[in-house]
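Quick note, my numbering runs 48 ahead of the 1-based positions in the sequence shown.
Notes for the one structure printed next.
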Amino acid sequence: MGTLGEHGFAALIERAGDSILFDTGGGLTLLPNAQRMNLDLRRVGQVVLSHGHYDHTGGLWPLLQNCGPKRVLAHPGLFARRYAIREGVSRSIGIPFSEEFLAGQGASFSYSDAFREVAPGIFLTGEVPRLSAFEAGDDGLFCDSTGCRSDSVPDDQSLVLVTRKGLLLVLGCCHAGVINTVALARQRTGVDRLYGVIGGCHLGFSSEAQLEGTVGALKSHGVKKICAGHCTGFAASARLAREFPGFRPAHVGYTIEFEE
Ligand SMILES: [Fe+2]
Ligand SMILES: [Fe+2]
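Have a look at this one:
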């Protein structure tokens with residue numbers, strides 16, 4: 049199809065006249081890929097940011113420049129400083145723009161850390177309680193460049209779509225943990241059935257125990273579809289593909305249609 053890849057995640061959710069952009073990629077590919085896929089991002093009514101990492105927020109400026117002012121839903125911690133330290137190398141991985149700059153470019157921010165409805169039957173989780181014993185997360189993320197304070201990415205949130213088949217979750221990186229996120233979604237919507245999970249599961253940077261626990265819990269929830277990509281990681285994706293017949297890789301340019 050000719051779409052371009054970069055490290056990042058973005059998903060356009062179109063449902064019953066609502067057009068919601070969930071994350072914006074790293075900034076290089078959002079606009080060319082939308083054009084290539086015949087998607088008009090000027091029609092996007094709301095932008096939802098899953099968390100403040102650059103690979104989910106970097107496309108916000110080009111979006112505003114080319115597609116006009118947007119309402120942007122985010123957690124109040126969006127602009128926190130963030131670093132990754134891997135193999136001794138520290139790098140800044142936060143949102144690459146200031147709040148003032150983005151506001152001047154047409155972003156109207158709506159901040160909340162609470163569970164909220166963003167469109168009929170579409171919810172944003174807000175901050176996700178970290179309750180499961182095995183979802184320890186990524187130990188390479190820090191709030192400072194020297195690695196003194198680890199970063200659990202408390203602002204991480206996901207979208208929850210209520211469908212006739214059950215809950216459908218759209219994840220950015222899901223630093224909060226897939227199973228923690230499923231638990232909150234079930235509790236807050238009152239819908240027990242988990243239909244599907246789409247997006248980044250961040251299992252590529254987590255322990256083997258987290259992968260094992262996640263596979264087991266997803267099975268016990270009876271999940272029907274898993275469309276994993278981004279930071280899910282190759283090995284974890286291969287494992288999910290082996291364990292779940294409904295697995296599909298969520299690669300760039302992929303369109304998923306869900307019957308209502
Ligand atoms: Fe990411
Ligand atoms: Fe992330």
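We put the CB at the ideal spot given by N, CA and C, even for glycine.
For the alpha helix (DSSP H) that ILE61 lies in, which residues bound it at each end?
-> Position 13 of the sequence shown, counted from the first residue, corresponds to residue 61. For ILE61, there is no enclosing alpha helix (DSSP H); the residue is part of the beta strand (DSSP E) that begins and ends at 59-63.
Assign CYS196 to buried or exposed, taking buried as 16 or more other Cβ atoms, counted over all protein chains shown, within 10 Å of its Cβ.
-> Position 148 of the sequence shown holds residue 196. It counts as exposed.
Closest by CA to SER67, which one among PRO80, ALA181, LEU87?
-> On the sequence shown, residue 67 is found 19 positions in, with the first residue counted as 1. Of PRO80, ALA181, LEU87, the residue nearest in Cα terms is LEU87.
Report the option in SER98, ASP192, HIS104 whose CA atom is closest to the CA atom of THR229.
-> Taking the sequence shown and counting its residues from 1, one reaches residue 229 at position 181. Nearest of SER98, ASP192, HIS104 to THR229, Cα basis: SER98.
Per DSSP, GLN94 forms a beta bridge with which residues?
-> Numbered from its first residue, the sequence shown carries residue 94 at position 46. For GLN94, the pairing in a beta bridge is given by DSSP as ILE68, ARG119.
Lining residues of ligand 1 - beta-carbon closer than 7 Å to any non-hydrogen atom, in sequence order = GLY56, PHE57, HIS101, ASP103, HIS104, GLY220, CYS221, GLY248, HIS278, CYS279
Would the C-beta of VAL201 count as close to ligand 2, meaning under 8 Å from any of its heavy atoms?
-> Mapped onto the sequence shown, residue 201 falls at position 153. Answer for VAL201: yes, Cβ within range of ligand 2.
C-alpha distance - ILE143 paired with ALA265, whole-angstrom precision | If you number the sequence shown from 1, residue 143 lands on position 95. If you number the sequence shown from 1, residue 265 lands on position 217. One Cα belongs to ILE143, the other to ALA265, and the distance between them is close to 32 Å.
For the segment 184-194 and the segment 165-173, state whether three or more C-beta atom pairs, one from each stretch, are separated by less than 8 Å.
-> no
With a threshold of 8 Å, establish whether the CB of HIS123 neighbours any heavy atom of ligand 2.
-> For the purposes of this step, residue 123 is taken as the residue at position 75 of the sequence shown. False, no ligand heavy atom lies under 8 Å from that Cβ.
Compute the Euclidean distance between the alpha carbons of GLU260 and LEU288, then round it to the nearest angstrom.
-> For this step, residue 260 is matched to residue 212 along the sequence shown. For this step, residue 288 is matched to residue 240 along the sequence shown. Between GLU260 and LEU288, the C-alpha separation is close to 10 Å.
C-alpha gap between GLY214 and ALA233, whole angstroms = Here residue 214 is taken as the residue at index 166 of the sequence shown, counted from 1. Here residue 233 is taken as the residue at index 185 of the sequence shown, counted from 1. Approximately 11 Å, taken between the alpha carbons.
With which residues is SER180 paired in a DSSP beta bridge?
-> Here the question's residue 180 lines up with position 132 in the sequence shown. Bridge partners of SER180: none, in fact.
Please list, in chain order, all residues of the same chain as GLY294 whose beta carbon is under 8 Å from its beta carbon, the five residues on each side excluded.
-> Taking the sequence shown and counting its residues from 1, the one referred to as residue 294 is at position 246. Only GLY244, VAL271, LYS272, LYS273, ILE274 meet the Cβ criterion.
Unbroken beta strand (DSSP E) run spanning ALA151, endpoints | On the sequence shown, residue 151 is found 103 positions in, with the first residue counted as 1. Unbroken run through ALA151 is the alpha helix (DSSP H), 147-152; no beta strand (DSSP E).
Local Cβ density within 10 Å of ARG130, reported as buried at 16 or more and exposed below that | Locating residue 130 in the sequence shown gives position 82, counting from the first residue. ARG130 is buried by the Cβ-count criterion.
Going by DSSP, name the residue or residues bridged to ARG287.
-> Position 239 of the sequence shown, counting from 1, holds the residue named residue 287. For ARG287, which the question treats as bridged, DSSP gives no partner whatsoever.
Is HIS299 near ligand 2, going by C-beta to nearest heavy atom under 8 Å?
-> The count along the sequence shown starts at 1 and reaches residue 299 at position 251. Because no heavy atom of ligand 2 lies under 8 Å away, the Cβ of HIS299 does not count as near it: no.
With distances taken Cα to Cα, identify the nearest neighbour of LYS267 among LEU108, PHE292, ARG63, ALA257.
-> As a working mapping, residue 267 is identified with position 219 in the sequence shown. Comparing Cα-Cα distances from LYS267 to each of LEU108, PHE292, ARG63, ALA257, the minimum goes to PHE292.
When the Cβ atoms of the segment 119-128 are set against those of the segment 218-228, are three or more pairs found closer than 8 Å?
-> no
Short check: CB of GLY301 to CB of CYS279, under 9 Å?
-> Position 253 of the sequence shown, counted from the first residue, corresponds to residue 301. Position 231 of the sequence shown, counted from the first residue, corresponds to residue 279. Taking 9 Å as the Cβ cut-off, GLY301 and CYS279 do not qualify as a contacting pair.
For ARG119 versus SER160, is the C-beta distance shorter than 9 Å?
-> Counting from 1 along the sequence shown, the entry for residue 119 is found at position 71. Counting from 1 along the sequence shown, the entry for residue 160 is found at position 112. Going by C-beta atoms, ARG119 is not nearer than 9 Å to SER160.
List the whole-angstrom C-beta distance separating LEU112 from ALA155, where the pair is believed to meet the contact cut-off of C-beta under 8 Å.
-> Here the question's residue 112 lines up with position 64 in the sequence shown. Here the question's residue 155 lines up with position 107 in the sequence shown. Contact holds; Cβ gap of about 6 Å.
Contacts around GLU165, its chain only, beta-carbon distance under 7 Å, and the 5 residues preceding and following it disregarded = Sequence index remark: in the sequence shown, residue 165 carries index 117 (1-based). PHE171, listed in sequence order.
Coarse secondary structure for PHE292, derived from DSSP in three states | Your numbering for residue 292 matches position 244 in the sequence shown. In this structure, PHE292 counts as coil in the three-state DSSP scheme.
Alpha helix (DSSP H) containing ALA82: first to last residue?
-> To locate residue 82, count along the sequence shown from 1; it is residue 34. Element bounds for ALA82: 78-84.
With ASP71 and ALA58 assumed to form a contact (beta carbons below 8 Å), what rounded beta-carbon distance in angstroms separates them?
-> For the purposes of this step, residue 71 is taken as residue 23 along the sequence shown, with counting starting at 1. For the purposes of this step, residue 58 is taken as residue 10 along the sequence shown, with counting starting at 1. Indeed they touch by this definition, with Cβ atoms about 5 Å apart.
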